[in-house]
Amino acid sequence: MIGARSIAEPTIKDTIIHRMDPRAKILVLISTAFVAVTLDNPKTMFLLFLIVLSGFALARMPAIKLKTLTLLLVLLIWGTIYSQALFYSQLPRTVIFTILDPDFPVLGWLTNGGLFVYEEGLRHGAIQGLRSASILSLGLLMCWTTDSRDMLNGLVGLRVPYS
1256 MIGARSIAEP TIKDTIIHRM DPRAKILVLI STAFVAVTLD NPKTMFLLFL
1306 IVLSGFALAR MPAIKLKTLT LLLVLLIWGT IYSQALFYSQ LPRTVIFTIL
1356 DPDFPVLGWL TNGGLFVYEE GLRHGAIQGL RSASILSLGL LMCWTTDSRD
1406 MLNGLVGLRV PYS
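Position one of the sequence shown corresponds to residue 1256 (my numbering), numbered consecutively onward.
Here is the structure:
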């Protein structure tokens, strides 16, 4: 069972990832977020995702953290691909299959012409899912390898305003 503690608490170990300065981790996270937003090639996005996941191997994360990460990533990527496949609005778009026919009584009219799964939506959803998964994974890696006091000291060291 995945509990709230497995998501929230950092794992303290002596690895290269754990020893990194919190300010460096924050800057890497911000830089990766900018890179993830600017990339649009599926292969490059997948490479970025694999690079981020390699940090978990370097940090030697416990199995419960990896299970939590896997569950969150599956839900995030599946949900993004599924929603983009259904609601992709750009043209051209290729219908792979029909979920709800436009002529179906009442629901066909309510959906404004039926419900379809689009090939381009699947592709777009995969790219968006990898983008979000890369940022989520790196954020979790940062949280799971850094004590909250060290994180706050890192933010102060970067002169992030606070009150």
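The beta carbon of each residue, even a glycine, is placed where N, CA and C say it ideally should be.
According to DSSP, simplified to helix, strand and coil, what is residue 1419? Examination of residue 1419 is not possible in this model, given that the chain is present from 1256 through 1418 alone.
Check whether the Cβ atoms of residue 1353 and residue 1342 lie closer than 7 Å to each other. Not in contact: residue 1353 and residue 1342 (Cβ atoms no closer than 7 Å).
N- and C-terminal bounds of the alpha helix (DSSP H) containing residue 1329: First-last of the alpha helix (DSSP H) with residue 1329: 1318–1342.
In whole angstroms, give me the CA-to-CA distance for residue 1315 and residue 1417. In this structure, the alpha-carbon of residue 1315 lies about 33 Å from that of residue 1417.
Residue 1335 versus residue 1384: straight-line alpha-carbon distance, rounded: When rounded, the separation of the alpha-carbon atoms in residue 1335 and residue 1384 is 5 Å.
Measuring alpha carbon to alpha carbon, tell me which residue in 1359, 1346 and 1365 is nearest residue 1374. Of the candidates 1359, 1346 and 1365, the one whose C-alpha sits nearest the C-alpha of residue 1374 is 1346.
Helix, strand or coil, according to DSSP, for residue 1370 in the structure here? Looking at residue 1370 - three-state DSSP - the assignment turns out to be strand.
Let me know if residue 1364 comes out buried or exposed under the rule of 16 or more other beta-carbons within 10 Å of its beta-carbon. Classification of residue 1364: exposed, given that the 10 Å Cβ count is below 16.
Where does residue 1315 fall in DSSP's three states? Looking at residue 1315 - three-state DSSP - the assignment turns out to be coil, as it is neither helix nor strand.
Terminal residues of the alpha helix (DSSP H) in which residue 1287 lies: Segment 1277–1293, the alpha helix (DSSP H) holding residue 1287.
Could you check the C-alpha separation between residue 1328 and residue 1395 for me, to the nearest Å? C-alpha separation (whole angstroms): 11 Å.
Could you check if residue 1280 is buried or exposed, using at least 16 other CB atoms within 10 Å of its CB as the buried criterion? For residue 1280, the number of other beta carbons within 10 angstroms of its own is at least 16, and it is reported as buried.
Could you say which of 1267, 1258 and 1276 lies nearest to residue 1412 if we only look at CA atoms? Of 1267, 1258 and 1276, the smallest CA-CA separation from residue 1412 is found for 1276.
Between the alpha carbons of residue 1410 and residue 1278, how many angstroms are there, rounded? When rounded, the distance between both Cα atoms is 7 Å.
I think residue 1311 touches residue 1324, with their Cβ atoms under 8 Å apart; what is that distance to the nearest whole Å? The C-beta distance from residue 1311 to residue 1324 rounds to 7 Å, short enough to fall under 8 Å.
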